[in-house]
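Residue numbers are given in our numbering: position 166 of the sequence shown equals residue 166, and the series is strictly consecutive.
Glycine is no exception: its CB is placed at the ideal position from the N, C-alpha and C atoms.
Written out below as structure tokens is the structure these notes cover.
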Amino acid sequence: MITCILYALLLQAPVPMEEVSAQDLTKLDFGKPFEHMAIASLDGTLVGQMLAIDGRKVRLLEQEDAPTLELPGEATLWTMADLDGNGLEEFWVLVDGKELRRLELKEGVFSLSDPIIGGLRGVPPRGCHSGSFLRDLDKDGHPDLLLPMGDRLQLWMGDGSSFQEGPDLGSISRLELRTDGGLLGKVGRKIVVPQLLPEDISGDGRPDITVSDGLQIRQFVLGPDGFPSEPTRSLDLSQFRADMDEFGVDLSNLTSSIRFLVQDKWADLNNDGAMDLLILADGRIRVFLGGEDGVDLARERTRLKVRGNVFYIYPARIDADDIPDLVLVRVEDLGIGKILRAALFSWEIEFDFLVFRGKGDGDFEKRPFRERSANLKGGSLVRVFKGEKDQFDSLRQKIVRMCDYDGDGIRTDLVTLGAGGRLQVWFNLVSDESVLHGAIEKFLQQTLAGDGDLDIGISTLTQWTLGRTSAMTSMTNGIEPDLDIRLENWAEPHALTIRDLDGDGREEVLAVRLLTPEEGEKSLIGYLLRF
Numbered sequence: 001m002i003t004c005i006l007y008a009l010l011l012q013a014p015v016p017m018e019e020v021s022a023q024d025l026t027k028l029d030f031g032k033p034f035e036h037m038a039i040a041s042l043d044g045t046l047v048g049q050m051l052a053i054d055g056r057k058v059r060l061l062e063q064e065d066a067p068t069l070e071l072p073g074e075a076t077l078w079t080m081a082d083l084d085g086n087g088l089e090e091f092w093v094l095v096d097g098k099e100l101r102r103l104e105l106k107e108g109v110f111s112l113s114d115p116i117i118g119g120l121r122g123v124p125p126r127g128c129h130s131g132s133f134l135r136d137l138d139k140d141g142h143p144d145l146l147l148p149m150g151d152r153l154q155l156w157m158g159d160g161s162s163f164q165e166g167p168d169l170g171s172i173s174r175l176e177l178r179t180d181g182g183l184l185g186k187v188g189r190k191i192v193v194p195q196l197l198p199e200d201i202s203g204d205g206r207p208d209i210t211v212s213d214g215l216q217i218r219q220f221v222l223g224p225d226g227f228p229s230e231p232t233r234s235l236d237l238s239q240f241r242a243d244m245d246e247f248g249v250d251l252s253n254l255t256s257s258i259r260f261l262v263q264d265k266w267a268d269l270n271n272d273g274a275m276d277l278l279i280l281a282d283g284r285i286r287v288f289l290g291g292e293d294g295v296d297l298a299r300e301r302t303r304l305k306v307r308g309n310v311f312y313i314y315p316a317r318i319d320a321d322d323i324p325d326l327v328l329v330r331v332e333d334l335g336i337g338k339i340l341r342a343a344l345f346s347w348e349i350e351f352d353f354l355v356f357r358g359k360g361d362g363d364f365e366k367r368p369f370r371e372r373s374a375n376l377k378g379g380s381l382v383r384v385f386k387g388e389k390d391q392f393d394s395l396r397q398k399i400v401r402m403c404d405y406d407g408d409g410i411r412t413d414l415v416t417l418g419a420g421g422r423l424q425v426w427f428n429l430v431s432d433e434s435v436l437h438g439a440i441e442k443f444l445q446q447t448l449a450g451d452g453d454l455d456i457g458i459s460t461l462t463q464w465t466l467g468r469t470s471a472m473t474s475m476t477n478g479i480e481p482d483l484d485i486r487l488e489n490w491a492e493p494h495a496l497t498i499r500d501l502d503g504d505g506r507e508e509v510l511a512v513r514l515l516t517p518e519e520g521e522k523s524l525i526g527y528l529l530r531f
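Following this line, the structure appears as structure tokens:
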């Protein structure tokens with residue numbers, strides 16, 4: 001509830017729009033809606049061509065008598081990927097989990113290539129679905145194959161021309177029917193796999209794999225012969241959760257239920273190159289050090305008992321040294337009476353921000369070296385929700401993307417699209433995308449600098465709740481956009497993609513939305529922005 005208030009009060013009035021010539025912005029009419037859109041290189045050139053996918057049917061957009069193709073198989077997946085690292089993102093089809101083929105367009109006719117790899121034993125879900133089954137997990141520049149095996153997922157390592165069988169990554173979480181709109185109103189069954197994090201967890205400078213599925217974490221450490229067939233480490237974080245038999249509703253302090261949640265954060269706390277684990281659960285913070293074989297839950301480095309309703313932790317370099325410190329955020333006790341008063345009259349909530357200095361060995365000082373408070377106030381929650389709901393939705397539905405407008409191969413430009421059709425572009429905002437990896441830490445450093453009470457405001461807390469998106473948009477604070485365009489007749493659901501469509505090496509911006517008139521048929525429209 002409080003988070004919704006923060007969103008609603010954050011919004012600001014739009015700034016004047018910059019003139020954009022007609023040749024820069026082109027309106028597109030795609031006609032009848034389709035399930036998915038893809039942009040792929042079909043002829044071996046950098047030119048990206050727009051495809052519409054309905055079930056198994058693939059057709060070329062923006063062309064009369066456009067070619068079509070029915071994707072084969074009873075259980076077929078498709079995705080986009082640059083398999084051989086030549087800069088061409090192509091359309092790939094995994095047919096019945098047995099063979100991988102590429103979609104090609106020759107002399108105006110669609111066809112599928114000979115199998116790039118065959119004889120696989122995959123078991124995808126029945127039907128035809130989109131799925132991110134080609135991903136570069138070992139960071140060698142070539143996508144690897146994530147092969148569904150019924151209720152499990154197997155990794156095949158790619159080198160650009162072939163694949164080698166790798167480890168079994170474990171169970172697939174679930175299958176679900178997505179009807180939430182998504183990109184151009186996707187509807188269909190989708191595999192939801194555990195989160196896969198390719199990063200160096202052992203400290204040897206080579207990317208390993210962390211598979212995170214809720215509170216179950218599996219680590220695969222890359223060895224001299226590749227990834228092991230079984231996880232190097234399996235971590236069950238549910239063991240740290242407070243005893244649910246003790247769960248009860250305390251009407252005088254509803255926020256006390258926070259202690260039944262489990263939160264994990266990863267960072268190199270002792271600068272040995274290996275990733276260490278911090279766990280907030282049951283009113284305690286536990287630290288486990290990583291090593292050449294990953295994190296061992298038997299190697300607990302330290303345990304800190306926290307006071308109050310601590311709901312957020314983050315390892316960040318707040319002081320002047322290069323050792324991560326520990327940031328804690330806690331909220332005051334919130335009883336049912338205070339929440340009811342807030343709904344009818346006004347609200348006031350106190351937050352505390354505490355920073356404990358890191359010692360460089362996985363431990364932290366017992367007393368905070370920086371402690372700041374913020375007192376947030378607002379009017380009736382009922383009035384906020386009634387009067388600000390549209391603005392709240394507008395902020396929540398903003399899409400943020402990085403772009404390469406000058407063709408140098410580095411995405412340094414930021415593009416945002418709001419639900420009301422406000423398209424903004426900042427050129428050369430960052431030196432490269434890697435800057436974003438430390439954006440949250442920089443955000444915390446700026447926010448917690450100085451002494452005394454924290455002048456944090458609702459907008460700052462809102463940015464925290466938005467995660468990576470907030471880290472990206474916060475970099476535009478105080479900077480006027482280079483382009484500020486209002487797209488006509490715009491509303492959500494909408495989508496935004498960045499691709500080089502004309503093959504000149506410079507990426508274009510494509511925004512698409514679904515029109516739903518009171519009378520008549522639904523349709524898709526779009527705007528293409530060229531730099």
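Taking Cβ to Cβ, would you say residue i is nearer than 8 angstroms to residue j?
{"i": "residue 75", "j": "residue 124", "result": "yes"}
{"i": "residue 221", "j": "residue 294", "result": "yes"}
{"i": "residue 148", "j": "residue 97", "result": "yes"}
{"i": "residue 288", "j": "residue 280", "result": "no"}
{"i": "residue 317", "j": "residue 324", "result": "yes"}
{"i": "residue 278", "j": "residue 315", "result": "yes"}
{"i": "residue 117", "j": "residue 162", "result": "yes"}
{"i": "residue 371", "j": "residue 354", "result": "yes"}
{"i": "residue 506", "j": "residue 406", "result": "yes"}
{"i": "residue 524", "j": "residue 67", "result": "no"}
{"i": "residue 73", "j": "residue 95", "result": "yes"}
To the nearest angstrom, how far is it from the Cα of residue i to the Cα of residue j?
{"i": "residue 482", "j": "residue 429", "result": "10 angstroms"}
{"i": "residue 154", "j": "residue 129", "result": "18 angstroms"}
{"i": "residue 51", "j": "residue 59", "result": "6 angstroms"}
{"i": "residue 273", "j": "residue 228", "result": "21 angstroms"}
{"i": "residue 134", "j": "residue 40", "result": "15 angstroms"}
{"i": "residue 320", "j": "residue 261", "result": "32 angstroms"}
{"i": "residue 85", "j": "residue 127", "result": "30 angstroms"}
{"i": "residue 408", "j": "residue 431", "result": "12 angstroms"}
{"i": "residue 89", "j": "residue 80", "result": "6 angstroms"}
{"i": "residue 493", "j": "residue 78", "result": "23 angstroms"}
{"i": "residue 186", "j": "residue 303", "result": "Any reading at residue 186 must be qualified, since the residue scores a pLDDT of 43, below 50, and its modelled position is unreliable; no value is offered."}
{"i": "residue 531", "j": "residue 83", "result": "27 angstroms"}
{"i": "residue 453", "j": "residue 440", "result": "21 angstroms"}
{"i": "residue 167", "j": "residue 112", "result": "29 angstroms"}
{"i": "residue 268", "j": "residue 486", "result": "44 angstroms"}
{"i": "residue 527", "j": "residue 400", "result": "16 angstroms"}
{"i": "residue 313", "j": "residue 444", "result": "12 angstroms"}
{"i": "residue 226", "j": "residue 427", "result": "41 angstroms"}
{"i": "residue 141", "j": "residue 197", "result": "16 angstroms"}
{"i": "residue 115", "j": "residue 36", "result": "24 angstroms"}
{"i": "residue 156", "j": "residue 519", "result": "50 angstroms"}
{"i": "residue 397", "j": "residue 299", "result": "43 angstroms"}
{"i": "residue 521", "j": "residue 513", "result": "14 angstroms"}
{"i": "residue 311", "j": "residue 230", "result": "34 angstroms"}
{"i": "residue 199", "j": "residue 236", "result": "20 angstroms"}
{"i": "residue 215", "j": "residue 496", "result": "32 angstroms"}
{"i": "residue 532", "j": "residue 475", "result": "Because the chain spans 1 through 531 in this model, residue 532 falls outside it and cannot be assessed."}
So is residue i buried or exposed if we call it buried at 16+ other beta carbons inside 10 Å?
{"i": "residue 516", "result": "exposed"}
{"i": "residue 31", "result": "exposed"}
{"i": "residue 529", "result": "buried"}
{"i": "residue 419", "result": "buried"}
{"i": "residue 270", "result": "buried"}
{"i": "residue 239", "result": "exposed"}
{"i": "residue 219", "result": "buried"}
{"i": "residue 121", "result": "exposed"}
{"i": "residue 224", "result": "exposed"}
{"i": "residue 158", "result": "buried"}
{"i": "residue 479", "result": "exposed"}
{"i": "residue 508", "result": "buried"}
{"i": "residue 449", "result": "exposed"}
{"i": "residue 356", "result": "buried"}
With residue i and residue j assumed to form a contact (beta carbons below 8 angstroms), what rounded beta-carbon distance in angstroms separates them?
{"i": "residue 283", "j": "residue 301", "result": "At roughly 18 angstroms, the Cβ-Cβ gap does not stay under 8 angstroms, so residue 283 and residue 301 are not in contact."}
{"i": "residue 104", "j": "residue 42", "result": "6 angstroms"}
{"i": "residue 352", "j": "residue 373", "result": "5 angstroms"}
{"i": "residue 87", "j": "residue 46", "result": "7 angstroms"}
{"i": "residue 101", "j": "residue 93", "result": "5 angstroms"}
Tell me, please, whether the CB atom of residue i is closer than 8 angstroms to any CB atom in chain D?
{"i": "residue 355", "result": "Of the protein chains in the structure, only one exists, and it is not chain D."}
Only counting runs of 3 or more residues, tell me where the beta strand (DSSP E) segments fall wholly within the region 36 to 60, in order along the chain. 36 to 40, 49 to 54 and 57 to 60
Only counting runs of 3 or more residues, tell me where the beta strand (DSSP E) segments fall wholly within the region 104 to 174, in order along the chain. 109 to 112, 127 to 130, 144 to 149, 152 to 158 and 163 to 171
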